[in-house]
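Chains as they are written, first to last, in UniProt numbering: chain A, 1 to 139; chain B, 1 to 415. In this text, a Cβ means the ideal position worked out from N, Cα and C, and glycines have one as well. From a predicted model like this one, the values you see are computed outputs, not experimental measurements.
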């Protein structure tokens with residue numbers, strides 16, 4: 001039989017085992033933390049904006065959790081580089097699932113979108129449009 | 001507690017009563033090891049409920065017509081049957097039907113807790129409580145000013161009974177404990193806990209959701225003041241649970257749900273309550289589910305609760321030993337023995353429980369990942385989640401073998 005589910009294709013496992021942009025930025029423009037209490041996934045996203053205050057220059061993430069949440073954060077951190085804040089805020093769950101490139105079973109979608117939600121909430125807090133300490137997928 | 005000479009179960013014959021166990025996904029037969037969450041329902045239970053809907057569906061208590069009489073009798077008899085099953089000599093008056101164990105817990109919390117507790121009172125729980133009890137008493141404590149204390153769980157996953165003796169004092173109003181932990185599998189010494197409570201004039205509530213389905217339970221032997229469990233974890237339907245209570249205690253308690261079916265007399269100014277157990281069962285109750293629960297109790301007793309316990313303990317021991325032999329599996333809870341029920345929670349090194357459980361699902365093995373509604377206990381164990389395999393009367397050693405074999409896939413993927 002094929003090894004494992006469609007969910008654990010090489011790309012996902014590669015990002016999980018060798019996360020890109022893992023760590024914390026020294027001078028992030030904004031930082032936000034979120035969790036998926038169902039799984040115990042926790043992710044911190046650090047975002048550094050360019051001088052135009054719109055373009056995302058760097059993204060770093062840290063935290064731990066299941067392969068899906070961590071791989072999603074790793075891929076997103078690369079994906080967001082060069083995008084504008086508005087483009088980040090326009091992303092939805094389908095964009096995340098497209099980015100992952102695998103079918104995510106319904107019960108695991110929360111794991112997949114955690115990093116995206118954290119980055120978006122972080123951006124909205126930075127813009128002064130949201131007031132919250134911590135993002136949770138249960139909201 | 002001799003369990004030695006019991007005739008082994010004819011698991012093959014039992015499985016024939018569960019068509020769902022024949023289901024396949026991707027040409028692989030389902031291996032159902034999520035029984036602590038909910039058990040499967042045998043044909044006789046489904047048939048009993050179907051028969052109710054086909055032949056005598058009607059509302060209870062009020063009807064003078066034939067159908068209502070039949071439905072009322074069946075609904076009331078289900079209380080008697082459950083009372084007999086758990087050794088409640090007071091019969092139906094001591095058996096309240098609720099929606100599930102959680103509602104049973106809330107019934108006690110609202111009817112008794114809110115009215116009786118005050119700032120000087122303590123409620124003693126255990127660190128292995130299910131959220132059903134833990135969250136409920138936290139909330140009641142916040143509203144009444146009472147405090148909540150937790151009996152420690154030791155390194156082996158057992159209750160620290162010395163700590164229990166320290167915590168349970170004259171200030172204690174209630175001791176609430178799980179009979180069997182849904183995460184650790186520990187079978188707690190609930191008689192001792194109840195004795196401790198009674199020595200200090202406190203009441204005892206035992207959450208038997210993981211006990212009644214899997215072992216003989218006699219509420220009077222335990223001397224529990226209150227005892228709760230759910231139908232759907234014991235081969236019965238969803239939507240029905242039980243709160244047992246000693247008659248004199250239930251009589252003194254105020255209902256917290258109001259409506260039809262629970263009253264004696266109503267005027268525009270006031271109402272008086274009906275008899276037990278109906279005063280706690282307002283509105284149209286789960287009638288078909290009560291019929292189903294009755295059938296489930298008959299079905300379980302025909303097999304024998306002693307034999308069911310032995311079968312599950314054998315599977316738990318086998319699973320524990322096989323997983324332990326793997327070397328890279330961390331298992332939670334006590335070693336196999338008389339104080340371990342039929343479930344095993346574990347983690348595979350370097351693989352998150354949710355990933356492992358997804359991989360298990362690729363093999364059509366149904367296990368559960370998460371905190372199993374015991375978040376504080378998982379915090380104490382130092383893991384965010386675990387994978388739990390829980391067994392029932394229809395499971396086999398071959399199914400445990402499949403579970404263990406599937407670990408290899410996870411290892412290869414995550415190596």
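Within the region 93-119 of chain A, the residues whose Cβ lies closer than 9 Å to some Cβ of chain B are 105, 107, 108, 111, listed in chain order. Contact between the region 227-235 of chain B and the region 259-273 of chain B is absent: fewer than 3 CB-CB pairs across the two stretches fall below 8 Å. Cα atoms of residue 115(B) and residue 141(B): separation of roughly 12 Å, rounded to the nearest angstrom.
For residue 67(A), the chain B residues whose C-beta falls within less than 9 Å of its own C-beta are 351, 352, 354, 355, 358, 413, 414, listed in chain order.
In this structure, 56(B) is the residue among 303(B), 56(B), 314(B) with its C-alpha nearest to the C-alpha of residue 69(B).
No Cβ of chain B is located within less than 9 Å of the beta carbon of residue 75(A).
With contacts defined by Cβ atoms closer than 9 Å, residue 17(B) and residue 43(B) form a contacting pair. When the Cα atoms are used, residue 333(B) and residue 63(B) turn out to be separated by approximately 51 Å.
By the Cβ-count criterion, residue 13(B) is exposed, with fewer than 16 other Cβ atoms from all chains shown falling within 10 Å of its own Cβ. Closest by C-alpha distance to residue 197(B), out of 106(B), 170(B), 366(B), 254(B), is 170(B). For the region 381-397 of chain B, residues whose beta-carbon sits nearer than 7 Å to a beta-carbon of chain A comprise 384, 385. From the beta-carbon of residue 370(B), the residues of chain A found nearer than 9 Å are 38, 39, 40. For the set 315(B), 358(B), 361(B), the Cα lying nearest the Cα of residue 341(B) is the one of 315(B). The alpha-carbon separation between residue 106(A) and residue 337(B) amounts to approximately 38 Å.
Collapsing the DSSP output to three states places residue 391(B) in coil.
Distances from the CA of residue 108(A) to each of 357(B), 137(B), 365(B) were compared; the closest alpha carbon is that of 357(B). Between the alpha carbons of residue 373(B) and residue 68(A) lies a distance of about 22 Å. DSSP, reduced to helix, strand and coil, places residue 159(B) within a strand of the structure shown. For residue 20(A), the CB contacts under 7 Å within the same chain, skipping 5 residues up- and downstream, are 74, 77, 78 in chain order. In the three-state DSSP reduction, residue 355(B) falls in the helix class (H, G or I).
The continuous alpha helix (DSSP H) containing residue 303(B) extends over residues 287-303. The DSSP-derived three-state label of residue 348(B) is strand. Where residue 273(B) is concerned, the enclosing beta strand (DSSP E) starts and stops at 271-273. Cβ-Cβ distances below 6 Å link residue 112(B) to 253 in the same chain, with the five nearest sequence neighbours on each side left out; the list follows chain order.
Here the C-alpha atom of residue 79(B) lies approximately 14 Å from the C-alpha atom of residue 246(B). Distance from the Cα of residue 45(B) is smallest, within the candidate group 402(B), 133(B), 292(B), 91(B), for 292(B). Secondary structure within the region 51-111 of chain B: the alpha helix (DSSP H) runs of 4 or more consecutive residues, fully enclosed, are 66-85, 101-108 (chain order). Put simply, the region 209-217 of chain B does not touch the region 361-368 of chain B. Fewer than three CB pairs are less than 8 Å apart. Chain A places a beta carbon closer than 9 Å to that of residue 375(B), counting this residue as a contact. At a cut-off of 9 Å between beta carbons, residue 378(B) contacts chain A. The three-state secondary structure of residue 330(B), taken from DSSP, is strand.
When C-beta atoms of the region 110-125 of chain A are compared with those of the region 8-26 of chain A, fewer than three pairs fall below 8 Å, so the two segments do not count as touching. The three-state secondary structure of residue 122(B), taken from DSSP, is strand.
For residue 361(B), the nearest CB of chain A lies under 9 Å from its own CB, placing it at the interface with that chain. Sixteen is the threshold: when 16 or more other Cβ atoms of the shown chains lie within 10 Å of the Cβ of residue 110(A), as they do, the residue is buried.
Between the alpha carbons of residue 409(B) and residue 415(B) lies a distance of about 10 Å.
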